[in-house]
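Input: a single structure, listed below in structure tokens.
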Amino acid sequence: PTAAMVAGGAGLQELAKRIAARFEELLDCLADDDPEKEDWWVRYSEFSWRASQWNLAGQRGGGSVVPTITDIHVRAMRSVGNQARYSEKAADLLRRQGGGAS
């Protein structure tokens, strides 16, 4: 890889980390019984899925860039007030992705 590719990759990693941190901050601000929190967990899952397409989800070089979609799902199930409604929204995301999320 060229120096520009490596620098670009590092830039993408930093951007992905910052976006993930913003999702975390937002989720911390929402009440567990707020239906919007379910929607934001789903959006975070979608971001993780997209980040995984760029190899930015999961462990990278001793640190996590973006949590995996599985990690986010498990956390969401513990966090939301209405697990059934969240599960339906998460299942809809998987259908839109063709069932290819991991």
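Heads up, this note's numbering is the position in the sequence shown plus 316, with the first residue counted as 1. All C-beta atoms in this analysis are idealised placements derived from N, C-alpha and C, irrespective of residue type, glycine included. None of these values were measured; they are calculated from a predicted model.
Should residue i be flagged as near chain D, meaning a C-beta pair shorter than 9 Å?
| i | result |
| --- | --- |
| Ala-367 | Here there is only one protein chain, and chain D is not present. |
Could you check which residue in the options has the C-alpha nearest to that of residue i?
| i | options | result |
| --- | --- | --- |
| Gly-325 | Leu-372, Ser-361, Glu-340, Asp-349 | Leu-372 |
Using C-beta distances below 8 Å, list every residue in its chain close to residue i, excluding the 5 sequence neighbours before and after it, in chain order.
| i | result |
| --- | --- |
| Asp-348 | Ser-395, Val-396, Gly-397 |
| Thr-384 | Ser-364, Ser-368, Ala-373, Gly-374, Ser-418 |
| Leu-342 | Trp-356 |
Just the Cα atoms here: how many angstroms apart are residue i and residue j?
| i | j | result |
| --- | --- | --- |
| Tyr-402 | Tyr-360 | 13 Å |
| Ser-364 | Ala-407 | 15 Å |
| Gly-327 | Met-393 | 31 Å |
| Trp-370 | Ala-332 | 10 Å |
| Arg-391 | Arg-411 | 20 Å |
Please list, in chain order, all residues of the same chain as residue i whose beta carbon is under 6 Å from its beta carbon, the five residues on each side excluded.
| i | result |
| --- | --- |
| Pro-351 | none |
| Ala-336 | Val-382 |
Since I believe residue j is in contact with residue i (beta carbons under 8 Å), could you give me their beta-carbon distance rounded to a whole number of angstroms?
| i | j | result |
| --- | --- | --- |
| Lys-405 | Asp-355 | 7 Å |
| Val-381 | Gln-329 | 5 Å |
| Glu-340 | Leu-409 | The Cβ separation is near 19 Å, so there is no contact. |
Tell me which same chain residues have a C-beta within less than 7 Å of the C-beta of residue i, skipping the five on either side of it?
| i | result |
| --- | --- |
| His-389 | Ser-361, Ala-406 |
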